[in-house]
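Letter 771 of the sequence shown, counting from 1, is numbered 771 in the UniProt record's numbering, and no numbers are missing. Working notes, structure below.
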Amino acid sequence: MVFRTIAAATRTLPQAMAISGFLVLALVTYTGFVLPGPYMHPWFKWISYINQLSYAFEALLVNQAHGTNYPCSNLVPPYPNLTGDTFICPVPGSVAGETFVNEDAWFETSYDYSYSHLWRNLGIILGFLFFFLFTYLLTSELNVNSSTGPDVLVFLRGRLPSTMAHTDLKLKGRVDIERPLVVSSAPIEGNVNEAALMQVDRETFSWRKVSLDVMIKGHSRRFLDNSCGWVKPGSLTALMGVSGAGKTTLLNALAQRMPSGVIQGELYVDGRPLPTSFNNDVGYVQQQDVHLETSTVREALRFSAMLRQPFDVPKSEKFASVEEIIHLLNMDDFADAVVGLPGKGLNVEQRKRLSIGVELAGKPALLLFLDEPTSGLDSQSSEAILALLRKLAAGGLSILCTIHQPSAMLFQRFDRLLLMARGGKVAYFGDIGENSETVLRYFGDRGPRRCADAENPAEYLLDAIGNTNTAKLDWPCLWDASAEAKAVSTELERMTKSFSAWRQGNGSDVVQARQRGAYSMSLLSQIPSVCVRVFQQYWQSPTYIASKFTLGVAGSLLIGFSFFQPGQSILGVQNAIFSILMVCAMFSSLVQQALLIMPKFIVQRTLYEVRERHSNMYSWSVLILANILAEIPYHVVLGVMTFAIFNYTVFGIRSSEDQGLVLLFFVYFYILAGTFAHMVVAPLPDATTAGRVVTILFWMMILFSGVFQTLIALPGFWIFMYRVSPMTYLVGGVAVSGLSGDAIICSQAELAVFQPPAGETCGAYMQPYLEQAAPGTLLNPDATASCSYCPLGYADQVLARSD
């Protein structure tokens, strides 16, 4: 109920996670075990009184241990045949002359836990339950965080264009952001500036007998069946078919983007095999407009231009081409707008224009693929996008796009049609003709009826090949037997033969000149561009960094002043070690923040897998490295701040060497948290799964760090976990740097008090034991009664227990 209340009271996930992470830290610290009640400072002791976990933990512990006596394995002094009260077990709560320790006495002496509190604690816990149930219901009712309104464009501060028109508000010389805006979706007028697009090679892309077989449950299933066709420069070709005919599948197969299956057939560029640079030479606009929500339109275009245009093109020229594309696609008014999310960012049409622009920024020299570019758009926006594609084709670009049930006006924008029937078979490939006369004549001559004058040609074609009333007509077979299909085969043969003759006359060296590396930029050149984008992502969405700093600084302050000057007693040294462990307890919250609050890496990975990997923009290793490098400056600063807070409150001023080591360990801790999150999430499908894995791994690292269970007490099977846990070395390194060499001064409760034999002093009685390298110190060697023995002498002896 506590965390439900926090979720209901906060407005965003970052707020809830930061508060929850700090609260968990406070509740665990003040259960009374990590920091015992007698050692709590008055400024934070009140937390234990309102901490429901402390009451639950005490009740469970005393109920389990009540009435239990544990035998002592190390009596002081360890002489044989001891009688009376001349010996004692060196554990708080023990009684001289007894060879066991009563658990009730030990808990009460060390932690102020008492069995008499059992039923009282149960009542308090039930009271907390009903209180937080009430607060949860109250905050759920009062916290209304929903808003509705028109789509808004969000601009970076100082980037609002002066030409932007507002619907009902005046800027009054003020800011910048979040206003309802009117942006024209009119089609582009004028001629296409080819320099802004690409150096078009005017080569024909063709394919012959392309088939695709995929294994499904042990059986091969054919999705494409002997598809043939071509896309010529300056033409706009439509790929159309009934639902499930394999339009997108064919588009992916032609673009070399099929994730699985066996592709058969031949793909050519001007009759020759595909070059190694094919992925760089084509653009592919996905049906889903996937973009980085924190980047601006101009930043997205520049990123594509920097990594996809050849390395020998100057940066200034790449950026100049971006400006020309912005003007070409009519994006001047929102070039500096943040992509954002639907409803608070670019609208659907603007996102589609950006998707096209991202591909054009790479200057695809051969072909542009588009998967249903009008999907989700209204008629006006669809017309604007098709007009844009028509202009691009007029500039010499070859365009192939899938489209689903276009209007008659949109259908007339295309030059050529590839119509697919069910089973991935071709029902028609050829010119559409003026007013669709060519394709309508083909189907009218063979079908049961002709297209009516007022009928949409696209709907007529889809009805002809998909309607159950015309199912008796096997359109793919009719196509294979038609003169038009034979003409297509003849043309494909001509393309191949012309290349063979050309190669014989010019040699293979010219063919090899067309080949180039997989990436346009070298790996070293990719790193700066990807790093800059990741840095911009963090800078333009500071919530994640703010929540990380809030948790790190607030958590360090809580721990530092909770364990403030723990003292030199045995339990004080143990408290100092637990304080280090509590800093490490922030590890889980820091990683969960990286995974759940702002899953930046997952967003970038999705963008990489969907678009950028297929375009050979940069390598996977560069993406990983850039994300790690982007967080290191924040981690270093946070490590320094944690060191300054924790070191001087818990350890005090020590030698420069010791303080330097503590500083390095804390910087390492935050870098470990960031890189650990990337390591876990990289192979997993989503942040939720990664969060579960992180929780398991975190508790294993903490449990086997040597604090809760020392190395010698671990079962042999689990010793390897002690060795591989990063927390083992982190806690050990900080503890040794901050505590090594300190003398122990036992508190009164830690002293082992017993009586010497009659007529002997404590020193004489203990001399044989002390000469055998006893670990502790006798405080009153001249006394003849109540010998006081401190079981340990130095902090290193406590540290040695954990190896």
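The beta carbon of each residue, even a glycine, is placed where N, CA and C say it ideally should be.
Helix, strand or coil for residue i? Go by DSSP, reduced to three states.
i, result
"K344", "strand"
"K232", "coil"
"C787", "strand"
"R208", "strand"
"Y111", "helix"
"V693", "helix"
"P726", "helix"
"A518", "coil"
"T29", "helix"
"P756", "coil"
"Y538", "helix"
"V175", "For V175, the predicted structure reports a pLDDT of 38, less than 50, and the residue's modelled location is therefore unreliable. A value from the coordinates is still provided. In the structure shown, V175 sits in coil (DSSP, three-state: anything other than H, G, I, E or B)."
"T761", "coil"
"S802", "coil"
"P273", "strand"
"Y794", "strand"
"A105", "helix"
"A8", "helix"
With DSSP as the reference, please indicate the residues paired to residue i in a beta bridge.
i, result
"H219", "I216"
"C401", "A238, L370"
"V76", "I88"
"G3", "Gly is not the amino acid found at residue 3; the sequence shown has Phe there. Paired residue(s): none; F3 is not in a bridge."
"P71", "F100"
"K425", "D225, A421"
"V285", "L370"
"D474", "Note: D474 sits in no beta bridge, so no partner."
"F155", "A337"
"D332", "Answer is none; D332 lacks a bridge partner."
"E266", "R208"
"A464", "Bridge partners of A464: none, in fact."
"T296", "V338"
"D431", "R416"
"T777", "C790"
In chain order, what residues of the same chain lie with their CB nearer than 8 Å to the CB of residue i, ignoring the 5 residues before and after it?
i, result
"I624", "H678, A682"
"T12", "T543"
"D112", "G32, P36, G37, P38"
"Q286", "S355, D371, V610, R611"
"V622", "L523, Q526, I527, V530"
"T649", "G560, F561, F563, F564, Q565"
Alpha carbons only, please: which of the options is nearest the one belonging to residue i?
i, options, result
"residue 806", "V662, F601, S655, L751", "As displayed, the chain neither begins before 1 nor continues past 803, which places residue 806 out of reach and without an answer."
"residue 834", "D796, N780, F130, I696", "Any question about residue 834 goes unanswered here, given that the chain covers just 1 to 803."
"V637", "S621, Y668, N616, H614", "Y668"
"A783", "Y794, G793, E760, L799", "E760"
"Q52", "I385, N575, L27", "L27"
"G423", "D225, V534, I432", "D225"
"G552", "N575, R533, A585, I527", "A585"
"S382", "L792, F717, K352", "K352"
"Y618", "T83, P38, Y519, P14", "Y519"
"G123", "V95, C787, A56", "A56"
"L739", "V753, A800, A554", "A800"
"K217", "L126, I570, V798, G261", "G261"
"A735", "V707, A320, P476", "V707"
"P726", "T139, M700, P715, E750", "M700"
"V339", "N616, R298, Q772", "R298"
Within its chain, find whatever has a CB closer than 7 Å to the CB of residue i; leave out the 5 residues flanking it on each side and keep chain order.
i, result
"F205", "W230, V231, V269, L366, L367, S398"
"D168", "Confidence in D168 is poor, its pLDDT being 40 and thus under 50, which makes the residue's placement too unreliable to answer from."
For residue i, verify whether its CB is less than 7 Å away from any heavy atom of the ligand PLP.
i, result
"K600", "Here there are no bound small molecules, and the ligand PLP is not part of this structure."
Which same chain residues, not among the five before or five after residue i, have their C-beta less than 6 Å away from its C-beta?
i, result
"A554", "F22"
"L418", "G229, L239, F429"
"S788", "L751, V753, L779, N780"
Return no unless some Cβ of chain B is closer than 8 Å to the Cβ of residue i.
i, result
"S655", "Chain labels in this structure do not include chain B; a single protein chain is all it has."
Item to check | Inter-stretch contact at 8 Å, needing at least 3 Cβ pairs: the stretch 756-774 / the stretch 535-552 | outcome: Segments in contact, no.
Next on the checklist: Within 8 Å, do at least three Cβ pairs link the stretch 226-236 to the stretch 391-399?
Outcome noted: A contact exists between the stretch 391-399 and the stretch 226-236.
Next on the checklist: Within 8 Å, do at least three Cβ pairs link the stretch 271-279 to the stretch 430-444?
Outcome noted: No, they do not touch.
Checklist entry - So, do the stretch 630-649 and the stretch 607-616 have three or more beta carbon pairs nearer to each other than 8 Å? => result No, they do not touch.
Next on the checklist: I'd like to know if the stretch 240-247 and the stretch 456-467 are in contact, where contact means that at least 3 CB-CB pairs between them fall below 8 Å.
Outcome noted: The stretch 240-247 is in contact with the stretch 456-467.
Item to check | Cβ pair count under 8 Å reaching 3, the stretch 15-24 against the stretch 86-94 | outcome: As far as the Cβ criterion goes, the stretch 15-24 does not touch the stretch 86-94, which means the pair count is below three.
Next on the checklist: Within 8 Å, do at least three Cβ pairs link the stretch 475-485 to the stretch 424-436?
Outcome noted: Yes: the two stretches touch, three or more of their Cβ pairs being nearer than 8 Å.
Checklist entry - Is there contact between the stretch 574-591 and the stretch 27-39, where contact requires at least three CB pairs shorter than 8 Å? => result In this structure the stretch 574-591 lies against the stretch 27-39, because at least three pairs of beta carbons, one per stretch, are closer than 8 Å.
Next on the checklist: Between the stretch 560-573 and the stretch 741-752, can you find at least three pairs of beta-carbon atoms closer than 8 Å?
Outcome noted: Yes, since at least three Cβ pairs between the stretch 741-752 and the stretch 560-573 fall closer than 8 Å, the two stretches touch.
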